[in-house]
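K.L.:
Below you'll find the structure I mean.
Numbering (my numbering), first residue to last: 442 to 573.
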């Protein structure tokens, strides 16, 4: 495992569809950022052709005992085209590399896959007491 994680930003290329609905949560300003990942694995950074995973919640199938927010995932409709990487001159930062993956909207008919059931060890479970 690397000493510091990789910070990977997936960003829509200019003039890609959906720009008017992509907003930063806290300011509601428009953004081209699709998603960001903090990756501590030894996997290489994404290359052109990679598609970030899309996480989906099907409300009718959501069960808080089994799921976090999402119930399903699939290969996403955004496809990485060029990738820019930035590495620090000195190894004092929080990231070994920052990668910006520019993406084009290229929809595919990828099947939904069910999320694996959440696995929580008994020692990590909290007891919830009623306030009545």
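The beta carbon of each residue, even a glycine, is placed where N, CA and C say it ideally should be.
1) Does the distance from the C-beta atom of residue 448 to that of residue 479 stay below 8 Å?
2) Would you call the region 511–522 and the region 459–473 touching, i.e. three or more CB-CB distances under 8 Å?
3) From residue 542 to residue 551, what distance separates their C-alpha atoms?
4) Applying the criterion that 16 or more other CB atoms from any shown protein chain within 10 Å of the CB defines a buried residue, is residue 555 buried or exposed?
5) My guess is that residue 475 and residue 452 are in contact by the Cβ rule of under 8 Å, so how many angstroms apart are they, rounded?
6) Can you pull the DSSP bridge partners for residue 471?
7) Using a Cβ-Cβ cut-off of 8 Å (strictly less than) and excluding sequence neighbours within five positions of residue 517, which residues of its own chain qualify?
8) Over what stretch of residues does the beta strand (DSSP E) that includes residue 511 continue unbroken?
P.N.:
Concretely, from the data shown:
1) Counting from one through the chain shown, the residue named residue 448 turns up at place 7. Counting from one through the chain shown, the residue named residue 479 turns up at place 38. Against a cut-off of 8 Å, the Cβ pair of residue 479 and residue 448 comes out as a contact.
2) No contact exists between the region 511–522 and the region 459–473.
3) As a working note, residue 542 is residue 101 in the chain shown. As a working note, residue 551 is residue 110 in the chain shown. Approximately 21 Å, taken between the alpha carbons.
4) Within the chain shown, the letter at position 114 stands for residue 555. Residue 555 comes out exposed.
5) Position 34 of the chain shown, counted from the start, is the residue given in the question as residue 475. Position 11 of the chain shown, counted from the start, is the residue given in the question as residue 452. With a contact defined as Cβ atoms closer than 8 Å, residue 475 and residue 452 qualify at about 6 Å.
6) The residue labelled residue 471 in the question sits at position 30 within the chain shown. Bridge partners of residue 471: 464.
7) What you label residue 517 is simply residue 76 of the chain shown in a count that begins at 1. Same-chain partners within the cutoff: 492, 493, 494, 495, 551.
8) Locating residue 511 in the chain shown gives position 70, where the first residue counts as 1. Segment: none, residue 511 is in no beta strand (DSSP E) and carries neither H nor E.
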